[in-house]
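K.L.:
Per the numbering used here, residue 216 is the first one in the sequence shown, and the count goes up by one each step. Just so you know, even glycine gets a beta-carbon here, dropped at the ideal spot from N, CA and C. As the structure is a prediction and not an experimental result, all values here were calculated from the model.
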Amino acid sequence: MQQLIEGHRRFLSEVFPGRRSHFHLLAESQAPEFLFITCSDSRIVPDMILGTEPGDLFITRNAGNVVPVAGNDVDGVTATIEYAVEVLKVKHAILCGHSDCGAMKAELDRRALQNLPKARRWLEHVEAAYSHRQPLNPADGDGAELAALIRGNVVAQMLNLRAEPSVARAVVEGRLSVHGWYYDILTGRIERYDEQERRFLPLIA
Ligand SMILES: [Zn+2]
Numbered sequence: 216m217q218q219l220i221e222g223h224r225r226f227l228s229e230v231f232p233g234r235r236s237h238f239h240l241l242a243e244s245q246a247p248e249f250l251f252i253t254c255s256d257s258r259i260v261p262d263m264i265l266g267t268e269p270g271d272l273f274i275t276r277n278a279g280n281v282v283p284v285a286g287n288d289v290d291g292v293t294a295t296i297e298y299a300v301e302v303l304k305v306k307h308a309i310l311c312g313h314s315d316c317g318a319m320k321a322e323l324d325r326r327a328l329q330n331l332p333k334a335r336r337w338l339e340h341v342e343a344a345y346s347h348r349q350p351l352n353p354a355d356g357d358g359a360e361l362a363a364l365i366r367g368n369v370v371a372q373m374l375n376l377r378a379e380p381s382v383a384r385a386v387v388e389g390r391l392s393v394h395g396w397y398y399d400i401l402t403g404r405i406e407r408y409d410e411q412e413r414r415f416l417p418l419i420a
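(1) Could you tell me how far apart the beta carbons of W396 and C311 are, in whole angstroms, since I believe they sit closer than 8 Å?
(2) For my contact list, V300 and L391 are in at a C-beta cut-off of 8 Å; report their separation, rounded to the angstrom.
(3) Any heavy atom of ligand 1 within a distance shorter than 7 Å of the CB on D256?
(4) According to DSSP, Y397 sits in a beta bridge with which residue or residues?
(5) Going by CA-CA distance only, name the one from S314, E268, T253 and A343 that's closest to D399.
(6) Can you give the beta carbon distance from F226 to F249, rounded, assuming they're within the 8 Å contact cut?
(7) List the residues that DSSP assigns as beta-bridge partners of I252.
(8) With a threshold of 6 Å on Cβ separation, who are the neighbours of I405 within its own chain once the five nearest residues in sequence on each side are excluded?
(9) With a threshold of 16 other CB atoms inside 10 Å of the CB of M373, please say whether the residue is buried or exposed.
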């Protein structure tokens, strides 16, 4: 805990004073352009890898970067998406998966979920990943099979995102774009899913 208290002390003394006017503006409202949906994994630090600032990204995170299938059930993910699209009017919705994802590893080895009844049920949402599994990429080394399934999950969850009524409406009206990304922790690089070519390509060529 001391680590966090010291970190907050440094934030107050070294970071906050230089950005006082920015926080002053943010104190009254937010107008993020990006909805960012990603995994809870501690190794994904969106502001660090994207160079974004407070106020830029509206974020929802969960194990496996899941977007539950649109239906009658209400959940925290789709409620957050609806708010981002209808109220905040974000212009881009980004679904970002990542290498070495524990949720997807557990999906590959269901035994890991034996004593986790809630996680087991939650991960039923990622089963669609198998239908969208991507080709093996030798660059992923030993983790190639896992990475192919993780990329498949990005595609699957992206389709769920597109099917979410608020998202579908905004896309038709031309005020929202949907993106699927794969973040590789080892190299730091992001790949984007090209929906025309139906494959992942480097975000930065
Ligand atoms: Zn993960």
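P.N.:
According to the structure shown:
(1) 4 Å
(2) Indeed they touch by this definition, with Cβ atoms about 6 Å apart.
(3) yes
(4) G312 and E406.
(5) S314
(6) Going by Cβ atoms, the distance from F226 to F249 rounds to 23 Å, so no, they are not a contact pair.
(7) T275 and L310
(8) W396, Y398 and L418
(9) buried
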